[in-house]
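Residue numbers (numbering that gives the first Met the number 0): 0 to 98.
Heads up, the beta-carbon is just placed ideally off N, CA and C, and yes, glycines get one too.
Note that the structure is predicted; figures quoted are calculated from it, not measured.
Working notes, structure below.
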Amino acid sequence: MRISFERTGGFAGISKKTTVDTDTLPPDEAATLPRLVEIADLFRLPELITSPNPQSDRFQYKLTVEDNGKQHTVTVSEAALPGTLRPLIEWLQTVAQKK
Numbered sequence: 000m001r002i003s004f005e006r007t008g009g010f011a012g013i014s015k016k017t018t019v020d021t022d023t024l025p026p027d028e029a030a031t032l033p034r035l036v037e038i039a040d041l042f043r044l045p046e047l048i049t050s051p052n053p054q055s056d057r058f059q060y061k062l063t064v065e066d067n068g069k070q071h072t073v074t075v076s077e078a079a080l081p082g083t084l085r086p087l088i089e090w091l092q093t094v095a096q097k098k
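So, in structure tokens, the structure goes:
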């Protein structure tokens, strides 16, 4: 499984990008990623999740998941972030900071 993760926006407008691949992660992290994707039900989320009340200086996240020949991209604003997706976003941000 591979996820390309991009965070844009925020006060400074700094973009962060990272790609995480279970083939290159330590075993414990490689086991965590598929569980977080399953909890988020990522493959069933719409491609675009926006907030009815857009707010400036909020982050926007774009995730592209590739797994077993399937690919799905979700773009979500921080203000509209589903609770089920939050643990995956937080985990990806932590991994991105380590790189």
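Integer Cβ distance of residue i from residue j, believed to fall under 8 angstroms
i   : j   : result
T72 : E46 : 6 angstroms
E5  : S14 : 7 angstroms
I2  : L62 : 6 angstroms
D66 : F10 : Between F10 and D66 the Cβ distance is about 34 angstroms, and since that is not below 8 angstroms, they are no contact.
Residue i - partner residues in DSSP beta bridges
i   : result
V47 : The residue you asked about is not Val; residue 47 is Leu in the sequence shown. Looking at the DSSP assignment, L47 forms a beta bridge with T74.
T2  : Residue 2 is actually Ile in this sequence, not Thr. Answer is V19 and V64.
T7  : Q59
K69 : D66
Opening and closing residue of the beta strand (DSSP E) in which residue i lies
i   : result
L62 : F58 to D66
D20 : K15 to D20
C-alpha gap between residue i and residue j, whole angstroms
i   : j   : result
Q59 : D22 : 27 angstroms
Q54 : K97 : 29 angstroms
L87 : N52 : 23 angstroms
A30 : M0  : 10 angstroms
L91 : L35 : 10 angstroms
Segment contact, 8 angstroms Cβ cut-off, at least three pairs: the stretch 11-26 with the stretch 72-80
Contact fails between the stretch 11-26 and the stretch 72-80, because fewer than three Cβ pairs, one in each stretch, are under 8 angstroms apart.
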